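Peer 1: Take 5 as the starting number for the sequence shown in this note's numbering and just add one per residue. C-beta: ideal position from N, C-alpha, C; glycine also. Every value quoted in this text rests on a predicted model; they were computed, and no experiment measured them. My questions will all concern the structure given below.
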Amino acid sequence: MNQTAINVIAISIFLMTISTLLGPLIHLSPTIPALATVTFLGIATLDSFSFQGKGGTIILDWLSRFSPNYQERIIHHEAGHFLVAHLLGFTISDYTLTAWDAWKKGQPGQGGVILVDQEIEKQIQTGKISAHVVDCYCTIWMAGIAAEILVFNSAEGGNDDQTKLREILQVLGFSETSYQQKQRFHFLQAKNLIQANWLSYQDLVIAMKQGATVSECLQTILSKRIF
5 MNQTAINVIA ISIFLMTIST LLGPLIHLSP TIPALATVTF LGIATLDSFS FQGKGGTIIL
65 DWLSRFSPNY QERIIHHEAG HFLVAHLLGF TISDYTLTAW DAWKKGQPGQ GGVILVDQEI
125 EKQIQTGKIS AHVVDCYCTI WMAGIAAEIL VFNSAEGGND DQTKLREILQ VLGFSETSYQ
185 QKQRFHFLQA KNLIQANWLS YQDLVIAMKQ GATVSECLQT ILSKRIF
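Put into structure tokens, the structure is as follows:
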């Protein structure tokens, strides 16, 4: 069961508990919260098995967006991915900042930066990925976390990014100790790239907030690019 489904079930149990405690005070029949909870859990279960938890992700993401801090973190996180991917020579075809937009474009999760590179795709398909490409991907995956820490002094997102990094390093035969070292190394690489191009990063964040196209975002980066 994915983390989104677990979160939905936890919320359901919490709401059931609260409604049970407050029910007698507001003269609410215990049958109503019980039926509502069962229905909610049923939908969550269906979503988990039939839609891989995408429905729950969209709902939780929508609820979270009532928090300005959450929205700011998403934008700064994705701007980190966007900037570092561009600096490392990757072609960016699109980006999304909400789970709903990600779902419409066939992306998993709550949003992200979509990369397109025919040569890299060829390497992935043939199973012959160069060490340079692996290092670049690892740095890009850590860029969102690096950006959050630079701006907010902590990172709330990035679990999916760390999972991707761990999975590819496991496939390549890296040990757990080596994984930790690689994660720290690529985090520092991403952090240094963002700091070296801080003005571009800040302008990119503003552009993404305004819904700028990929071309407009790239122009924003190029106007103040240092490295």
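#1: Using a Cβ-Cβ cutoff of less than 7 Å, which residues in the same chain neighbour G148 once the five nearest sequence positions on both sides are dropped?
#2: Determine the extent of the alpha helix (DSSP H) in which L197 is found, giving its start and end residues.
#3: DSSP three-state call for V138: helix, strand or coil?
#4: W145: which of N157, H90, L203 sits nearest, CA to CA?
#5: Helix, strand or coil: which one does DSSP assign to V117?
#6: So who's on the other strand from Y99, going by DSSP bridges?
#7: If we ignore side chains and look at the alpha-carbon of each, how far apart do C221 and K213 end up?
#8: Can you give me the start and stop residues for the alpha helix (DSSP H) that I171 sits inside?
#9: Is DSSP giving E76 helix, strand or coil here?
#10: How long is the line joining the alpha carbons of F156 and V175, rounded to whole angstroms?
#11: How long is the line joining the alpha carbons of Q223 and F189, rounded to whole angstroms?
#12: According to DSSP, is A159 helix, strand or coil?
#13: When you compare only the Cα positions, how much space is there between S3 and Q185?
#14: Put F86 into one of helix, strand or coil per three-state DSSP.
#15: For I118, I'd like the list of residues in its chain whose CB is within less than 6 Å of its CB, leaving aside the five on either flank, ordered along the chain.
#16: Can the beta-carbon of A151 be found closer than 8 Å to that of I78?
#17: According to the Cβ coordinates, are T143 and A200 closer than 8 Å?
Peer 2: Reading from the atomic positions:
#1: Sequence index remark: in the sequence shown, residue 148 carries index 144 (1-based). H81, E82, G84, H85, G161, G162, D165.
#2: Taking the first residue of the sequence shown as position 1, residue 197 is located at position 193. Looking at the DSSP string, the run of the alpha helix (DSSP H) that includes L197 is 180–200.
#3: Counted from its first residue, the sequence shown places residue 138 at position 134. Note: V138 maps to helix in three-state DSSP.
#4: Residue numbering aside, residue 145 sits at position 141 when the sequence shown is read from its first letter. It is H90 whose Cα lies nearest to the Cα of W145.
#5: Residue mapping note: residue 117 aligns to position 113 of the sequence shown, counting from 1. In this structure, V117 counts as strand in the three-state DSSP scheme.
#6: The residue labelled residue 99 in the question sits at position 95 within the sequence shown. In DSSP, Y99 forms a bridge with V117.
#7: Sequence index remark: in the sequence shown, residue 221 carries index 217 (1-based). Sequence index remark: in the sequence shown, residue 213 carries index 209 (1-based). Straight-line Cα distance between these residues: approximately 11 Å.
#8: Along the sequence shown, read from residue 1 onward, the residue named residue 171 stands at position 167. Note that residue 171 is Glu in the sequence shown here, rather than Ile. Per DSSP, E171 belongs to the alpha helix (DSSP H) from 163–175.
#9: Residue numbering aside, residue 76 sits at position 72 when the sequence shown is read from its first letter. E76 falls in the helix class under three-state DSSP.
#10: Along the sequence shown, read from residue 1 onward, the residue named residue 156 stands at position 152. Along the sequence shown, read from residue 1 onward, the residue named residue 175 stands at position 171. F156 and V175: Cα-Cα distance of roughly 33 Å.
#11: Your numbering for residue 223 matches position 219 in the sequence shown. Your numbering for residue 189 matches position 185 in the sequence shown. If you take the alpha carbons of Q223 and F189, they lie about 29 Å apart.
#12: Looking up residue 159 in the sequence shown gives position 155. Here A159 sits in coil by DSSP.
#13: This structure cannot settle anything about residue 3, because the visible part of the chain is limited to 5 through 231.
#14: If you number the sequence shown from 1, residue 86 lands on position 82. Looking at F86 - three-state DSSP - the assignment turns out to be helix.
#15: Looking up residue 118 in the sequence shown gives position 114. The residues are S97, D98.
#16: Sequence index remark: in the sequence shown, residue 151 carries index 147 (1-based). Sequence index remark: in the sequence shown, residue 78 carries index 74 (1-based). Their beta carbons are not under 8 Å apart, which means A151 does not touch I78 by this criterion.
#17: Position 139 of the sequence shown, counted from the start, is the residue given in the question as residue 143. Position 196 of the sequence shown, counted from the start, is the residue given in the question as residue 200. The answer is no: Cβ separation not under 8 Å.
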